[in-house]
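Colleague:
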Amino acid sequence: MSSTPPPPGPPQKPAAKALNCPQCGAAITLRALGQAASVVCESCHCILDAKTPQLEILQTFSKAIAADRPLIPLGTRGKLRGADYEVIGFQRRGTVIDGIRYFWHEYVLFNPYKGFRYLTEYQGHWNDVTVCKEQPIVETRVSIPLVANYLGEVYRHFQTSDATTDFVLGEFPWQVAVGEQARANDYVHPPRLLSMERTAGETTWSLGEYTSGRDIWSAFRLPGSPPAPQGVFANQPSPSGGGARQLWAFFALLALLLLGVIIVTDFSESKTPVFSASYHLNAGEPKGEASFVTEPFELTGRTSSVEVSTNANVSNSWIYLNYALINTDTEQAWDFGREVSYYYGYDSDGSWHEGSQSDSVVVPSVPAGHYYLRIEPEVAPNHGFLAYTVDVRRDVPVPVFYGIGFVALLLPPLLYGWRSWTFERARWSESDHPPMQLQKSEEDD
Amino acid sequence: MLRKLYLLYGLLIVGGSAFAQYRGWSLNSMNQVHNVPRSVRDNPGSYRSVYNSYHHYTGGK
Chain A
8 MSSTPPPPGP PQKPAAKALN CPQCGAAITL RALGQAASVV CESCHCILDA
58 KTPQLEILQT FSKAIAADRP LIPLGTRGKL RGADYEVIGF QRRGTVIDGI
108 RYFWHEYVLF NPYKGFRYLT EYQGHWNDVT VCKEQPIVET RVSIPLVANY
158 LGEVYRHFQT SDATTDFVLG EFPWQVAVGE QARANDYVHP PRLLSMERTA
208 GETTWSLGEY TSGRDIWSAF RLPGSPPAPQ GVFANQPSPS GGGARQLWAF
258 FALLALLLLG VIIVTDFSES KTPVFSASYH LNAGEPKGEA SFVTEPFELT
308 GRTSSVEVST NANVSNSWIY LNYALINTDT EQAWDFGREV SYYYGYDSDG
358 SWHEGSQSDS VVVPSVPAGH YYLRIEPEVA PNHGFLAYTV DVRRDVPVPV
408 FYGIGFVALL LPPLLYGWRS WTFERARWSE SDHPPMQLQK SEEDD
Chain B
677 MLRKLYLLYG LLIVGGSAFA QYRGWSLNSM NQVHNVPRSV RDNPGSYRSV
727 YNSYHHYTGG K
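Residue numbers (this note's numbering), protein chains in the order written: chain A, 8 to 452; chain B, 677 to 737.
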């Protein structure tokens, strides 16, 4: 092993070797330069031993097998992972799960310097596959595979199935046979897929990486566009890209920042009482002009909020107050009406009460200046004596904006997390380990 | 990219909430009246509130 490898020269186009099929006489092209173990006649589909000079027949078919046309024609060359590869083999494999037969396609690629690699395709989902150089370590529980460790990454078991080869074309680095069966165990760590295939003779591990159909089409300069992917594949990367967790971390930071702002602004809000007065009303008194004005008061500081609070000793009655906060400097008024009502009683359900004896309202963005309140009270016609107080405070907190801000902060990670959750749910519902609710509903059925 | 966008969005939300608080915004809709006559102070009945036609609740359970 001390010999120095020859310096890598410019890649040369492999020379194809032409032979004839001993079964039907059709021309057979060998592209793998003697490295293929078997080759399939494209005419009669019989499988030949590529290691023998006369191409001995390994398998023939008495009846026509269901042919399949590869999406990437044999002999197509393309650049993958920085190296030139030629498509030399194609096979269709299938498995039966819950009585339903699923098919996928595998392409054998060859580069004289790099060797073999594979492309798999299932319903528009592509994987770029290489054979593992090391043996992954599998952890099992009661002989059920759980995870596989490979090159420092943990792969979760996805599915165990029996794969059957039912159509082959071109060259293969092993002695391929139609009807060949293998027990396959798939483990996922998106975008990678670790597969173990066990036949009677050997166990092979391979590592696939999810690749978009567009990249394959671009690599092999194929005409048209690749078939659109259907559903969610085992190792398909989540569109959220694992960003949901980071988004939640950012949300926690921003929520803390919002809490800090709430604390700071709550301390800095002056909440200054600027006016307070008590009034009374008696419906039994002779009727006259009900409206009156308060003493003037001054609002200082920046443009800010003003809170007008009303407390009335209403009992199974109401009082309604037409308010106008009038600026004597600018002749501008804020007009609003407030009701204070409180009812209580007892019935077959027990005691009840509704309403309140107090009310407050925030008048937004009131500039500094001299103000007074015009108040026009109304009470029920049969009401007796009623006392009420009016209080005005300057620069009060309005927590609703912080509530809206909190919900606005929460929405993106919530939606993103939901998207990620539904994607993972769709992924694992196709596995041997479906989400609990799915499993339960299936059991109920 | 998404994290940066969310961070920017979040800072705008926090800053907007603080600004709304600072400026004393409120969700209450208030009818603003301009050019209120100075005589209202001496004759409050001359001012006509827009809420005069309010129908009062007189019920209870």
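Ideal Cβ positions, reconstructed from N, Cα and C, are used throughout, including at glycine.
1) In this structure, does DSSP put Q61 (chain A) in helix, strand or coil?
2) When DSSP builds the beta bridges, which residues end up paired with R108 (chain A)?
3) For the pair the segment 280 to 290 of chain A and the segment 388 to 407 of chain A, tell me if three or more CB-CB distances fall below 8 Å.
4) Please report how far the alpha carbon of L214 (chain A) lies from the alpha carbon of G208 (chain A), in whole angstroms.
5) Beta-carbon of R684 (chain B) versus every beta-carbon of chain A: anything under 8 Å?
6) By Cβ distance below 6 Å, which residues in the same chain neighbour R400 (chain A) in space, the five residues on each side in sequence not counted?
7) Should S715 (chain B) be flagged as near chain A, meaning a C-beta pair shorter than 8 Å?
8) Going along chain B in order, which residues have a C-beta closer than 9 Å to the C-beta of Q339 (chain A)?
9) By how many angstroms is the C-alpha of H164 (chain A) removed from the C-alpha of V149 (chain A)?
10) Does any CB atom of chain B fall closer than 8 Å to the CB of S367 (chain A)?
11) Check the Cβ of D402 (chain A) against every Cβ in chain B and list those closer than 8 Å, keeping chain order.
12) Using only CA atoms, which one of A:W133, A:G41 and A:T36 lies nearest to V47 (chain A)?
13) Once you ignore the five residues that flank R205 (chain A) on each side, which residues in its own chain have a CB closer than 7 Å to its CB?
14) Mind checking V386 (chain A): buried by the 16 CB within 10 Å criterion, or exposed?
15) Tell me, please, whether the CB atom of I144 (chain A) is closer than 8 Å to any CB atom in chain B?
16) Alpha carbon to alpha carbon, how far is Y92 (chain A) from F240 (chain A)?
17) I want to verify the contact list: residues of chain B whose CB lies under 8 Å from the CB of T429 (chain A), in sequence order.
18) List, in chain order, every chain B residue whose beta-carbon is nearer than 9 Å to that of Q364 (chain A).
19) Once DSSP output is grouped into helix, strand and coil, what is the label at Y698 (chain B)?
20) Pair every Cβ in the segment 358 to 372 of chain A with every Cβ in the segment 304 to 318 of chain A, then say whether three or more of these pairs are closer than 8 Å.
21) Which whole runs of the beta strand (DSSP E) in the segment 355 to 389 of chain A are 3 residues long or more, in chain order?
22) Do you know whose CA, among A:A415, A:M203, A:A57 and A:E128, lies nearest V154 (chain A)'s CA?
23) Check this for me: beta carbons of A184 (chain A) and R100 (chain A), under 8 Å apart or not?
24) Using three-state DSSP, classify D173 (chain A) as helix, strand or coil.
25) Buried or exposed, going by whether 16 or more other CB atoms sit within 10 Å of the CB of Q61 (chain A)?
26) So what's S9 (chain A) in DSSP terms, helix, strand or just coil?
27) Quick check on T279 (chain A) - is its C-beta less than 8 Å from some C-beta in chain B?
28) If contact is defined by three or more beta carbon pairs under 8 Å, each pair taking one atom from either stretch, is the segment 301 to 312 of chain A in contact with the segment 339 to 353 of chain A?
29) Given that E296 (chain A) touches chain B, what residues does it touch there, using C-beta distances under 9 Å?
30) Are the segment 403 to 423 of chain A and the segment 126 to 145 of chain A touching, with three or more C-beta to C-beta distances below 8 Å?
31) Since E160 (chain A) contacts H196 (chain A) with CB under 8 Å, what's their CB separation in whole angstroms?
32) Counting only runs of 4+ residues fully inside the segment 175 to 263 of chain A, write out the alpha helix (DSSP H) ranges in chain order.
33) Give the DSSP-derived three-state secondary structure of G82 (chain A) in the structure shown.
34) Cβ atoms of L265 (chain A) and V739 (chain B): under 8 Å apart, would you say?
35) Consider the Cβ of R272 (chain A): report whether some Cβ of chain B lies at a distance smaller than 8 Å.
Modeller: Straight from the coordinates:
1) Here Q61 (chain A) sits in coil by DSSP.
2) A:V103, per the DSSP bridge assignment.
3) Segments in contact, yes.
4) Rounded to the nearest angstrom, the two C-alpha atoms are 20 Å apart.
5) It should be pointed out that residue 684 (chain B) corresponds to Leu in this sequence rather than to Arg. No, L684 (chain B) does not count as interfacial toward chain A.
6) Annotation for R400 (chain A): K278, P280 and E314 place their beta carbon closer than 6 Å to its own, counting only its chain and skipping 5 residues before and after.
7) Taking 8 Å as the CB threshold, S715 (chain B) stays off the interface with chain A.
8) Result: Q708, V709, H710, N711 and V712.
9) Going by the C-alpha atoms only, they are around 14 Å apart.
10) Output row for S367 (chain A): interface = no.
11) In chain order: G700.
12) The candidate whose alpha carbon is nearest that of V47 (chain A) is A:T36.
13) Within the same chain, Cβ atoms closer than 7 Å to the Cβ of R205 (chain A) are found at A189 and R190, the five residues on either side in sequence being excluded.
14) Buried: at least 16 other Cβ atoms inside 10 Å.
15) False, the Cβ-Cβ gap to chain B never drops below 8 Å.
16) Whole-angstrom Cα-Cα distance: 25 Å.
17) Under the 8 Å cutoff, chain B gives no residues; its nearest Cβ is about 18 Å from T429 (chain A).
18) Contact annotation for Q364 (chain A) against chain B: no contact, minimum CB-CB distance about 14 Å [criterion: below 9 Å].
19) Helix at Y698 (chain B).
20) The way I'd put it, the segment 358 to 372 of chain A does touch the segment 304 to 318 of chain A; three or more beta-carbon pairs between them come closer than 8 Å.
21) You should have 357 to 362, 365 to 373 and 376 to 386.
22) Looking from the CA of V154 (chain A), the closest CA among A:A415, A:M203, A:A57 and A:E128 belongs to A:M203.
23) No Cβ-Cβ contact shorter than 8 Å links A184 (chain A) with R100 (chain A).
24) D173 (chain A) falls in the strand class under three-state DSSP.
25) So Q61 (chain A) counts as exposed.
26) Because the pLDDT of S9 (chain A) is 40, which lies under 50, any placement of that residue in the model is unreliable, and the question is left without a value.
27) False, the Cβ-Cβ gap to chain B never drops below 8 Å.
28) With a cut-off of 8 Å, the segment 301 to 312 of chain A and the segment 339 to 353 of chain A do not count as touching, because too few Cβ pairs lie within range.
29) For E296 (chain A), the C-beta contacts it makes with chain B under 9 Å involve N719, P720 and G721, in order along the chain.
30) Output reads no: the segment 126 to 145 of chain A does not touch the segment 403 to 423 of chain A.
31) Rounded, the Cβ-Cβ distance is 5 Å, consistent with contact.
32) 220 to 226, all fully within the segment 175 to 263 of chain A.
33) DSSP places G82 (chain A) in the coil class of the three-state scheme, outside both helix and strand.
34) Examination of residue 739 (chain B) is not possible in this model, given that chain B is present from 677 through 737 alone.
35) Reading off the sequence shown, one finds Thr at residue 272 (chain A), where the question assumed Arg. Among the residues facing chain B, T272 (chain A) is included, as its CB has a counterpart in that chain under 8 Å away.
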